[in-house]
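Note sheet for the following structure.
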Amino acid sequence: MAPMIAVTDLWKVFGPRADRIVGTPLAELSRADLRARTGCLVAVREVSFDVEPGEVFVVMGLSGSGKSTLVRCLTRLIEPTSGEISIGGESVRAMNAKRLRDLRRRQVAMVFQHFGLLPHRQVLDNVAYGLEIQGVGRAERHRQAAEVLALVGLDGHEQQYPDQLSGGMQQRVGLARALAADPEVLLFDEPFSALDPLIRRDMQAEVRRLHAEVGKTLVFITHDLAEALTLGDRIAVLRDGELVQVGTPEELVGAPADSYVADFVRDVPRSDVLTLRWIMREAGPEELCEDEPLSHRTVIRDAVHRVLRAERPIAVVDGTRRLGVIDRDRLLPALVSHHRQVPA
Amino acid sequence: MTATVPPPALQGGRVLPPATDAAGAPRRRGAGGRRTAAAVLIVLTAAAYLLFRTDGAADGNGAAARFFDGVRDWVDANRDTSPFFLYGVNYVRLGVRLLVDVVQAALYGLGFAGLVTAVSAIGLVLAGWRTGLLALLGFLSFGVLGLWDESVDTLVLTLSAVLLSVLIGVPLGVLAARVRWVGATLRPVLDVMQIMPTFAYLAPMTLLFLIGEPAAVIATMIYAVPATIRITALGISEVPATAVEAATALGSTRWQLLTKVRLPMARTTLVLAVNQTIMLALSMVVITALIDAPGLGQNIVNALQRVNVGAAFDAGVAIVILAVVLDRITTNAARQAGAHRTRRQRQWRWAGAGAALVAVVATSFIAIDPGNLPQWSAAGPVNEVVGWIELHWYDVTEGLKNGISAGVLDPLETLLVTTPWWLFVLAVAAFGTLVSGWRAALIAALAAAGIAGLGLWQHSMQTLATVLVAIALTLVVGVAVGVFCARHDRLATAIRPVLDAAQTMPSFVYLLPAVALFGASRFTAIVAAVIFAVPPVVRLVERGVRDVPATVVEAAVSAGSTPRQLLWKVQLPMARGGLLLAANQGIVMVLAMVVVGGLVGAGALGYDVVAGFSQRELFGQGLAAGLAIVLLGILLDRLTQGFHNSKGPRR
Numbered sequence: 356m357a358p359m360i361a362v363t364d365l366w367k368v369f370g371p372r373a374d375r376i377v378g379t380p381l382a383e384l385s386r387a388d389l390r391a392r393t394g395c396l397v398a399v400r401e402v403s404f405d406v407e408p409g410e411v412f413v414v415m416g417l418s419g420s421g422k423s424t425l426v427r428c429l430t431r432l433i434e435p436t437s438g439e440i441s442i443g444g445e446s447v448r449a450m451n452a453k454r455l456r457d458l459r460r461r462q463v464a465m466v467f468q469h470f471g472l473l474p475h476r477q478v479l480d481n482v483a484y485g486l487e488i489q490g491v492g493r494a495e496r497h498r499q500a501a502e503v504l505a506l507v508g509l510d511g512h513e514q515q516y517p518d519q520l521s522g523g524m525q526q527r528v529g530l531a532r533a534l535a536a537d538p539e540v541l542l543f544d545e546p547f548s549a550l551d552p553l554i555r556r557d558m559q560a561e562v563r564r565l566h567a568e569v570g571k572t573l574v575f576i577t578h579d580l581a582e583a584l585t586l587g588d589r590i591a592v593l594r595d596g597e598l599v600q601v602g603t604p605e606e607l608v609g610a611p612a613d614s615y616v617a618d619f620v621r622d623v624p625r626s627d628v629l630t631l632r633w634i635m636r637e638a639g640p641e642e643l644c645e646d647e648p649l650s651h652r653t654v655i656r657d658a659v660h661r662v663l664r665a666e667r668p669i670a671v672v673d674g675t676r677r678l679g680v681i682d683r684d685r686l687l688p689a690l691v692s693h694h695r696q697v698p699a
Numbered sequence: 030m031t032a033t034v035p036p037p038a039l040q041g042g043r044v045l046p047p048a049t050d051a052a053g054a055p056r057r058r059g060a061g062g063r064r065t066a067a068a069v070l071i072v073l074t075a076a077a078y079l080l081f082r083t084d085g086a087a088d089g090n091g092a093a094a095r096f097f098d099g100v101r102d103w104v105d106a107n108r109d110t111s112p113f114f115l116y117g118v119n120y121v122r123l124g125v126r127l128l129v130d131v132v133q134a135a136l137y138g139l140g141f142a143g144l145v146t147a148v149s150a151i152g153l154v155l156a157g158w159r160t161g162l163l164a165l166l167g168f169l170s171f172g173v174l175g176l177w178d179e180s181v182d183t184l185v186l187t188l189s190a191v192l193l194s195v196l197i198g199v200p201l202g203v204l205a206a207r208v209r210w211v212g213a214t215l216r217p218v219l220d221v222m223q224i225m226p227t228f229a230y231l232a233p234m235t236l237l238f239l240i241g242e243p244a245a246v247i248a249t250m251i252y253a254v255p256a257t258i259r260i261t262a263l264g265i266s267e268v269p270a271t272a273v274e275a276a277t278a279l280g281s282t283r284w285q286l287l288t289k290v291r292l293p294m295a296r297t298t299l300v301l302a303v304n305q306t307i308m309l310a311l312s313m314v315v316i317t318a319l320i321d322a323p324g325l326g327q328n329i330v331n332a333l334q335r336v337n338v339g340a341a342f343d344a345g346v347a348i349v350i351l352a353v354v355l356d357r358i359t360t361n362a363a364r365q366a367g368a369h370r371t372r373r374q375r376q377w378r379w380a381g382a383g384a385a386l387v388a389v390v391a392t393s394f395i396a397i398d399p400g401n402l403p404q405w406s407a408a409g410p411v412n413e414v415v416g417w418i419e420l421h422w423y424d425v426t427e428g429l430k431n432g433i434s435a436g437v438l439d440p441l442e443t444l445l446v447t448t449p450w451w452l453f454v455l456a457v458a459a460f461g462t463l464v465s466g467w468r469a470a471l472i473a474a475l476a477a478a479g480i481a482g483l484g485l486w487q488h489s490m491q492t493l494a495t496v497l498v499a500i501a502l503t504l505v506v507g508v509a510v511g512v513f514c515a516r517h518d519r520l521a522t523a524i525r526p527v528l529d530a531a532q533t534m535p536s537f538v539y540l541l542p543a544v545a546l547f548g549a550s551r552f553t554a555i556v557a558a559v560i561f562a563v564p565p566v567v568r569l570v571e572r573g574v575r576d577v578p579a580t581v582v583e584a585a586v587s588a589g590s591t592p593r594q595l596l597w598k599v600q601l602p603m604a605r606g607g608l609l610l611a612a613n614q615g616i617v618m619v620l621a622m623v624v625v626g627g628l629v630g631a632g633a634l635g636y637d638v639v640a641g642f643s644q645r646e647l648f649g650q651g652l653a654a655g656l657a658i659v660l661l662g663i664l665l666d667r668l669t670q671g672f673h674n675s676k677g678p679r680r
């Protein structure tokens, strides 16, 4: 299947005459050296990834790692310095202004950290804004906007103004606005960072529910690992503008690419994320197993009960093929975290 | 976003630069070295003065004046033949004349009853019933004062100038905020336009557009439009980037961004821009009476020339009422512009507007002669009071006037007049470099040399002396009151409405109490200038002292400072940015007022300008004097502006 979004060798350099850097020896310099030598700042460095249709792709990194720049480059809210981006098979960088507007209007919508709502418009008109600038008639756009508002659980608030709503509700409006034009791709730029932890959890659930309901392709930017693990089908870790690792949550936790990622995922309870394939062992010759095997996709935590009760090792299978076995000796170390918990 | 957007920093119609725009660490030389340099410079200047002082020859008919006379003659000869006039200036004049005629026809067409209803209805719909009532009473009072026609004339000119300013200023302001080079080009132009004293505009306007309404409207527009541009640009650039980005990400075109996001989100500030434009325009329209514009200004000018305070007083009251009504309508409209309305409220508003329109149309058919209203005039009582003051306070006022004139003003004037021009230029350059850096000093020195070149040395130095005395008094009074207000909350709340009112009043009005107390003299101009410039100084000083962080004050108090130590060692040093900004603002305002004081016996440059309007053979000198005023303004402004840029408090 063709990827929904394909990014190849994307660079974004800020600063004077930024275009002279990519493809020269200067590009090999570290971020700090380049800044000292040329005054330019590399925000995104040679990033490539694909996002499949219907996937939730999370880009994670600390502040200043270039993740917000990266997501803005996708629709050229920030003009990339070099590289290729294609959305739905069409090159974004080759688009003229009109085609690009069309892309932003119909295909790709974005949700922002600080909401970016228009304070002088009622909620309904905020949501309808995207349709309005496309020239959709008033009655029609209000009907569609009301539908989307109901979808995000804000019916009854149409006539209110953004500053009359709580932060979580404002972001629901932002979400509804993004959904209103029925785009194929939704970009989220740290949408929940400004919200309280409890509200944030609600909103994450909301995104999961919406993803299940409407089935869009999601690119989600966050600095919060827990959020990344909860939402992401795949996670890309960004450091100083470079992609360090792209993988599923369990790949990140089970096989961190370097110490940076390892440090990141250190505090994640491994038994919650890893599946049995990460801790199973080869079956010994002639080894006897329990009757009922376990799927290799089972998360460790869910297997604890059976493994601890079992007399003998349990087979781990992919369909009917046996991949290995699991027993108490393999299970217990995974349950006890591999480093000491610091008392809070 | 909350409903109330804090207004941009506005003082006396000027948009203030932030007090602390000193980028990076300010240059600080060792205080000791600086002090030595200052001492050496003072000694050197004094020595040079004693060696080279002149006897201060009176100004003759200088080359500059002759040149301007020549220009005037050329313009008069070519007004109907040169293409520059035929196809340019004359069309502008006709266009503006047409605009004035249309506005005039509209306002006069409504008639007394119609116009009163219209203004009240506008106040009611845009700004609430209190403002509507205020507008009603205010406009009725014009009839009662017997000044209906004059008030309407003033309103016509003001509205025409405001329309022009908004038409030109708002697009330019948007461009200045959005297009970098436009903003960069406009900024210095606006800077100079804002420090130009009102008088300086008038002579060139009469040269190009002849005397009368078009010249008055254009001069007013030039005076008011910088504020329109600045505040519009401020409002547009203050629109949160997040909202703009979100709208861009949804695929808005640039035009959609402007009309659906930027302008609506800046609308509170835009209404404020209109408010400031109206206030400035009104204050200028009154002054354009000097170039034969009709309206309330005529009454004041005529009365002032006869030193008849009572006669001027009615017109002054009418101007103040007009200013207050226009100000209340627009500021309250700005407040309401940010408010959210439910659909029902909006329907009511539309219904109200429709009903008001019907009422206006209906009442415009009712013919009421404002002359039939009960008449009342303050002229008699005011003249009695003035007479009483002259009789009983004569010793006090004369003593004060003569004391300051003989003790301070005369020596300073002699000192400045007898200084050779090159020494003055050198001193400006040297002290300017010391206080404000070489760039500001260079501009100031060039301005000083220009004054010398205009051949009006004596008058310029006399004006400068008056300005210096006035600014010293202004700062003493302003700082004292400002500090006092900052330390006494109750006093501050009591005095704030007075300051508010003072800032909406056109500058002409301030001449009246000064003339009432001191008759026509140089000192009168000083008093008027002090009254005019003190309110913004008080405000800036109070804000500066109040902005000192509470934590610092707390720390000083807990270390055992007495209130006096707290003031001198903590609050005043930390409020230095505000104080210096106050000095800068005060100087520009004082200069403007001292020049206007030429009308009431302050003489010197201001008188030259006024004489230039009325006497044909003095035209060239008047224009030269106007230019000298502008150069003086640039000189003083540069010297003090550099000051707060280079020494603002570090944040």
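So the protein lines, in turn, are chains A and B.
Add 355 to the 1-based position in the first sequence for the numbering used here, that's all there is to it.
Add 29 to the 1-based position in the second sequence for the numbering used here, that's all there is to it.
C-beta: ideal position from N, C-alpha, C; glycine also.
Check: Cα-Cα separation, B:G53 to B:G606; Outcome: Only weak support exists for where B:G53 lies, its pLDDT of 38 falling under 50; the coordinates are left without a value.
Check: Beta-carbon proximity list for A:T603, same chain, < 6 angstroms, skipping 5 on both sides; Outcome: R589
Check: Residues near B:T74 by beta carbon distance below 6 angstroms, same chain, minus five either side; Outcome: A456
Check: Candidates B:G635, B:A501, B:T591, B:L504, of which the one nearest B:S550 by Cα; Outcome: B:G635
Check: B:L70 beta carbon less than 8 angstroms from that of B:F537; Outcome: no
Check: Endpoints, the beta strand (DSSP E) within which A:K367 is located; Outcome: 360 to 369
Check: Contact residues within the segment 308 to 328 of chain B, judged by C-beta distance below 9 angstroms to chain A; Outcome: none
Check: Residue-chain proximity (B:P699, chain A), Cβ-Cβ < 8 angstroms; Outcome: The shown model of chain B, from 30 to 680, leaves out residue 699 of chain B, and the question about it has no answer.
Check: CB contact below 8 angstroms: A:G370 versus chain B; Outcome: no
Check: Distance between B:V338 and B:P226 (C-alpha atoms, nearest Å); Outcome: 24 angstroms
Check: Contact under 8 angstroms by Cβ, B:V314 with B:A245; Outcome: yes
Check: Alpha carbon of A:Q477 to alpha carbon of A:L541, nearest angstrom; Outcome: 23 angstroms
Check: Under the three-state DSSP convention, the category A:F547 falls into; Outcome: coil
Check: Counted within 10 angstroms of its Cβ, other Cβ atoms place A:P380 as buried (16 or more) or exposed; Outcome: exposed
Check: Test: A:I442 CB closer than 8 angstroms to a CB of chain B; Outcome: no
Check: Span separating the alpha-carbon of B:F97 from that of B:V625; Outcome: 22 angstroms
Check: Spatial neighbours of A:T436 in its chain, beta-carbon cut-off 7 angstroms, leaving aside the 5 residues before and after; Outcome: W366, K367, V368, A373, D374, V377
Check: Environment of A:K571 [buried if 16+ CB atoms lie within 10 Å]; Outcome: buried
Check: DSSP three-state assignment for B:M618, whether helix, strand or coil; Outcome: helix
Check: Beta-carbon contacts of B:I397 that lie in its chain and below 6 angstroms, excluding the five residues immediately before and after; Outcome: F141, A142
Check: Per-residue contacts from A:D457 into chain B (C-beta, under 9 angstroms); Outcome: G280
Check: Own chain partners of B:L569 with C-beta closer than 6 angstroms, once the 5 adjacent residues on each side are dropped; Outcome: G607, L610, A611
Check: Pick from A:G444, A:S423, A:L417 that is closest to A:E407, judged by C-alpha positions; Outcome: A:G444
Check: Proximity test, Cβ basis, 8 angstroms: A:F467 and chain B; Outcome: yes
Check: Distance between beta carbons of B:L219 and B:R259, contact taken as under 8 angstroms; Outcome: 6 angstroms
Check: Three-state secondary structure assigned by DSSP to B:G507; Outcome: helix
Check: Nearest neighbour of A:Q462, chosen from A:V413, A:S441, A:H578, A:P648 [CA to CA]; Outcome: A:S441
Check: Beta-carbon separation (whole angstroms), B:V566 vs B:G615, contact threshold 8 angstroms; Outcome: 5 angstroms
Check: Buried/exposed call for B:D518, threshold 16 Cβ in 10 Å; Outcome: exposed
Check: A:H566, buried or exposed, once every other Cβ within 10 Å from all chains shown has been counted against 16; Outcome: buried
Check: Residue-level contact to chain B via CB, A:L678, 8 angstroms cutoff; Outcome: no
Check: Coarse secondary structure for A:M415, derived from DSSP in three states; Outcome: strand
Check: 8 angstroms Cβ cut-off: residues of chain E touching A:Q526; Outcome: Among the chains of the structure shown, chain E does not appear; the protein chains present are A and B.
Check: Range of the contiguous alpha helix (DSSP H) that encloses B:Q374; Outcome: 372 to 392
Check: Min CB distance A:Q514 to chain B below 8 angstroms; Outcome: yes
Check: The segment 190 to 210 of chain B in contact with the segment 156 to 166 of chain B per 3-pair CB rule at 8 angstroms; Outcome: no
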